[in-house]
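Here's the structure we're looking at; comments come further down.
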Amino acid sequence: MSNIVKIAKGLRKQLGYNVTREELLQNCHERGYDVIYYDPKEGHSIISHLEIGEFAEQAKAFVVPSAKIIFIRKGYDGKTEAYLLAHELGHIILKHNVQPGEDNTIQEREANQFAEILLKPNRFLMLAYKYNRIAILLLLAIAVSMAVGVYIGGLRSTDTQTPSVTMPSPAETEINSNADDTDVEMVCVTTSGNKYHLPDCQYVRDKTNITTLTIDEAINMGYEPCKVCIGD
């Protein structure tokens, strides 16, 4: 592994597998370099002071080590700007003795190689990030689905719930029926009389022409109570 590759990968490991424009700017500032954006048509006071206006009109980006300034032409998108920053940062980290206007093909190639390695994401790290993200999203989807299912299930249970009814057992029904029968007082009537009597009344005892009725039935049929066994 060449020294350039080793240095670039070391910085990439420090900044993260997906190096951003903001991280590059921060790293430049940490190294004591300012980043100035300029418009060649408008010029810039520092460029004029350094007497590099003619070079700045042709360049996309360049670094002035003596002034510790990186100049970036305005108007580039974020991806292109990140590459230009990485290229100039390569000049700084590789300790190139670059001066605006000088053509040093070897140093330019080294800075290009540095920028490409620095900005090239690690394939394995990207795959790990991708699949970890998918796994997290799947877990969240499952959790939300389960929560919704429990909530809907609770609503359905509430809507369909019916009052609890305890049905008496056959034995209980029979006992209650017998109790009701016991509570109803039975009386006796004769086919020839107009009174209803208690079963042990002397007027119906040992007679064969009697009919057993309830008091309500006897009253509804027009029978009157016996004054001897029932009274007024």
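Numbering-wise (the numbering used here), the sequence shown opens with residue -7 and increments by one.
A virtual CB, placed ideally from N, CA and C, is assigned to each residue, including glycine.
**Item:** Contained beta strand (DSSP E) runs [length at least 3] in the stretch 53 to 125, N- to C-terminal order
**Value:** 53 to 56, 61 to 65
Measuring alpha carbon to alpha carbon, tell me which of L147, L81, A48, I44 ends up nearest R4.
Your numbering for residue 4 matches position 12 in the sequence shown. For R4, the nearest C-alpha among the options comes from L81.
* Asked: Any idea which residues DSSP pairs D26 with across the strands?
  -> Looking up residue 26 in the sequence shown gives position 34. Beta-bridge pairing links D26 to I61.
Practice prompt. Below 8 Å CB to CB, which residues in the same chain sit around I98 once its five sequence neighbours on both sides are set aside?
Written response: For the purposes of this step, residue 98 is taken as residue 106 along the sequence shown, with counting starting at 1. Contacts found: none.
message = Using only CA atoms, which one of G145, E216, E43, L147 lies nearest to C180?
response = If you number the sequence shown from 1, residue 180 lands on position 188. Per the Cα distances, E216.
Review point. Given 8 Å as the limit, is there contact between the stretch 6 to 26 and the stretch 60 to 78, that is, 3 or more CB pairs closer than that?
Key: yes
Exercise. Between A107 and H21, what straight-line distance do the alpha-carbon atoms span, to the nearest angstrom?
Worked result: Taking the sequence shown and counting its residues from 1, one reaches residue 107 at position 115. Taking the sequence shown and counting its residues from 1, one reaches residue 21 at position 29. The alpha-carbon atoms of A107 and H21 are separated by roughly 17 Å.
Query - Rounded C-alpha distance that separates G67 from Y143 - result: Taking the first residue of the sequence shown as position 1, residue 67 is located at position 75. Taking the first residue of the sequence shown as position 1, residue 143 is located at position 151. The straight-line gap from Cα to Cα measures roughly 53 Å.
### Query
In this structure, does DSSP put K187 in helix, strand or coil?
One-based indexing of the sequence shown puts residue 187 at position 195. Strand at K187.
Same chain only: Cβ atoms within 6 Å of H79, ignoring 5 sequence neighbours per side | Position 87 of the sequence shown, counting from 1, holds the residue named residue 79. Result list for H79: A103, A107, in chain order.
Between L76 and K52, is the Cβ-Cβ spacing less than 7 Å?
Here residue 76 refers to the residue found at position 84 of the sequence shown. Here residue 52 refers to the residue found at position 60 of the sequence shown. For L76 and K52, yes; Cβs fall inside 7 Å.
*Cβ separation of V136 and P92, assumed to be a contact under 8 Å, to the nearest whole Å*: Taking the first residue of the sequence shown as position 1, residue 136 is located at position 144. Taking the first residue of the sequence shown as position 1, residue 92 is located at position 100. That belief does not hold up - the Cβ atoms of V136 and P92 are roughly 57 Å apart, past 8 Å.
Discussion item. Using the Cβ count rule (16 or more neighbours within 10 Å means buried), how would you classify G8?
Written reply: To locate residue 8, count along the sequence shown from 1; it is residue 16. Classification for G8: exposed.
Item to check | Same chain, Cβ closer than 6 Å to D31, five either side skipped, listed in chain order | outcome: Taking the first residue of the sequence shown as 1, we reach residue 31 at position 39. Contacts found: K66.
Worksheet item: Where does E209 fall in DSSP's three states?
Response: Position 217 of the sequence shown, counted from the first residue, corresponds to residue 209. The answer is helix: DSSP assigns E209 an H, G or I state.
Exercise. Decide if H83 is buried, meaning its Cβ has at least 16 other Cβ atoms within 10 Å, or exposed.
Key: Counting from 1 along the sequence shown, the entry for residue 83 is found at position 91. Flag for H83 reads buried.
Can you tell me which residues form a DSSP beta bridge with M178? For the purposes of this step, residue 178 is taken as the residue at position 186 of the sequence shown. Its beta-bridge partners are T206.
Review point. Between the Cα of E15 and the Cα atoms of L130, L205, G70, which residue gives the shortest distance?
Key: The residue labelled residue 15 in the question sits at position 23 within the sequence shown. The option with the nearest alpha carbon to E15 is G70.
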